[in-house]
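Below is one structure, written out as structure tokens; comments come after it.
Number of protein chains: 2
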Amino acid sequence: MARWQPHASERLVAAALDLFEERGYENTTVIDIAERAGLTKSTFFRHFPDKREVLFGGDTLAGRLADGIADAPAAAGPLEAVAHALEALGRETFTAERREFSARRGAVIAANPELREREALKGLGLTAAMAEALERRGVPDPASRVAAQLGALVMTLAYERWSDPAGHDDFGEAVRQALAEVKAAG
Amino acid sequence: MARWQPHASERLVAAALDLFEERGYENTTVIDIAERAGLTKSTFFRHFPDKREVLFGGDTLAGRLADGIADAPAAAGPLEAVAHALEALGRETFTAERREFSARRGAVIAANPELREREALKGLGLTAAMAEALERRGVPDPASRVAAQLGALVMTLAYERWSDPAGHDDFGEAVRQALAEVKAAG
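Each protein sequence line maps, in turn, to chains H and E.
Mapping of the first sequence onto UniProt numbering: position 73 corresponds to residue 73, and the numbering continues sequentially without gaps.
Mapping of the second sequence onto UniProt numbering: position 77 corresponds to residue 77, and the numbering continues sequentially without gaps.
This is the structure:
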């Protein structure tokens, strides 16, 4: 059997999301997901450590946020550097094509305590990655942690609104609106 | 056998902390903890659902924070109301007598990924409880979430400094200093 399968990761994620919606996260096995994707269990485990991780796609988001903060103009303040990184996510990751998937993913996570916990811990990891990236720009602690916390809140608000079918279809625009609200409230 | 034991909860926490320090969290069982405290396994399970919860003492902290926010003067802004609640914690919970215990507890948690995860999720629960308490004061979302996030950061900074033997011995003073820093950085 060929070990390499084109788009295996994407097929597994799509199959998992379908099955979680159809029969619930608890009632879906790794074998079910692999079968639905037309792949084997061992292919699944080459891409994900377990069933829970299928919807959390590795650490690429933390890396992209850190890169976006490093790429911000030198004159940008800490929160502006985070906003720069979030707007880049809107062009590269949270694109219009991704919006329906994100809404479906969010509904599956909201329905399961284990997935909600995983999502919460992922959010803390992203906040820590943003604080570290700000420190590498010379922002001292605790200003780095303040900007990372506020940036995480901007990201949460923008993501909630963008992934809501009734909300913004442009993630970058949702970021700019949430940033203005957070600044006004801070 | 008597079902009620005086100070059973405190004795179990003290025994658990001793054992976690001596032999590590992974190498300590519920039976070990109960034996060290001079109690039975069933007494342990009347106080805590499992080994991990011994260091996390229920939801009393969330309730105290919510009460403290409700008790803040009507004229206090959202972040001031959170600071009011944190200063009350310094008088009732994070007292001078508790400081050494908190430092030891922090070292045990820092050494174990499972406990670090539990601590992180507890922090998110406290942040959510503060946001809800602010909303009950009439603070709209997202201003409630901004103040709760900043308040959580003030609490983290104050706790880090207060539980450090080289830091502040007064939690309320550590809160006021952290609040000034977070405001200056926000």
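Virtual Cβ for every residue (Gly too), placed ideally from N, Cα, C.
The structure presented is a predicted model; accordingly, all values stated were derived computationally and were not measured.
How many Å lie between residue i and residue j at the Cα?
{"i": "Ala74/H", "j": "Phe56/E", "result": "43 Å"}
{"i": "Gly125/H", "j": "Arg145/H", "result": "12 Å"}
{"i": "Gly172/H", "j": "Gly68/H", "result": "13 Å"}
{"i": "residue 189/H", "j": "Leu39/E", "result": "Only positions 1 to 186 of chain H appear in the structure, and residue 189/H is not among them; the question remains open."}
{"i": "Arg105/E", "j": "Tyr25/E", "result": "11 Å"}
{"i": "Met1/H", "j": "Glu22/H", "result": "Residue placement at Met1/H is flagged as unreliable, the pLDDT there being 48, under the threshold of 50; a coordinate-derived value is accordingly withheld."}
{"i": "Arg99/E", "j": "Arg46/H", "result": "47 Å"}
{"i": "Gly167/H", "j": "Arg176/H", "result": "14 Å"}
{"i": "residue 189/E", "j": "Leu86/E", "result": "In the structure as shown, chain E starts at 1 and stops at 186, and residue 189/E therefore has no counterpart that could be examined."}
{"i": "Ala120/H", "j": "Arg91/E", "result": "31 Å"}
{"i": "Met155/E", "j": "Phe101/E", "result": "17 Å"}
{"i": "Leu89/E", "j": "Val139/E", "result": "22 Å"}
{"i": "Pro49/E", "j": "Pro6/E", "result": "19 Å"}
{"i": "Glu10/E", "j": "Asp169/E", "result": "22 Å"}
{"i": "Thr93/H", "j": "Thr93/E", "result": "44 Å"}
{"i": "Ser163/E", "j": "Glu97/E", "result": "11 Å"}
Would residue i and residue j be called neighbours here (beta carbons separated by less than 8 Å)?
{"i": "Ala148/H", "j": "Arg161/H", "result": "no"}
{"i": "Pro142/E", "j": "Leu179/H", "result": "no"}
{"i": "Ala107/E", "j": "Val54/E", "result": "no"}
{"i": "Glu80/H", "j": "Ala72/H", "result": "yes"}
{"i": "Ala8/E", "j": "Thr43/E", "result": "yes"}
{"i": "Ala83/H", "j": "Ala129/H", "result": "no"}
{"i": "Gly186/H", "j": "Leu150/H", "result": "yes"}
Which of the three DSSP states is assigned to residue i in this structure?
{"i": "Ala83/H", "result": "helix"}
{"i": "Gly63/E", "result": "helix"}
{"i": "Phe44/E", "result": "helix"}
{"i": "Phe171/H", "result": "helix"}
{"i": "Tyr25/E", "result": "coil"}
{"i": "Gly123/E", "result": "helix"}
{"i": "Arg105/H", "result": "helix"}
{"i": "Asp32/H", "result": "helix"}
{"i": "Gly151/H", "result": "helix"}
{"i": "Val13/E", "result": "helix"}
{"i": "Thr95/H", "result": "coil"}
{"i": "Ala185/E", "result": "helix"}
Leaving out the 5 sequence neighbours to the left and right, which residues in its chain are closer than 7 Å to residue i when beta-carbon positions are compared?
{"i": "Gly63/H", "result": "none"}
{"i": "Leu153/E", "result": "Val182"}
{"i": "Pro165/H", "result": "Ala103"}
{"i": "Ala76/H", "result": "His84"}
{"i": "Thr127/H", "result": "Ala148, Gln149 and Ala152"}
{"i": "Lys41/E", "result": "Val30, Ile31 and Ala34"}
Take residue i and list the residues in its own chain whose beta-carbon comes closer than 8 Å to its own, dropping the five residues that flank it on each side.
{"i": "Leu19/E", "result": "Thr28, Asp32, Ile33 and Arg36"}
{"i": "Arg52/H", "result": "Glu114, Leu115 and Arg118"}
{"i": "Val13/H", "result": "Val54, Leu55 and Gly57"}
Could you name the residues of the same chain whose beta carbon sits closer than 6 Å to that of residue i, not counting the 5 residues immediately before and after it, in chain order?
{"i": "Ala110/E", "result": "none"}
{"i": "Glu135/E", "result": "Ser144"}
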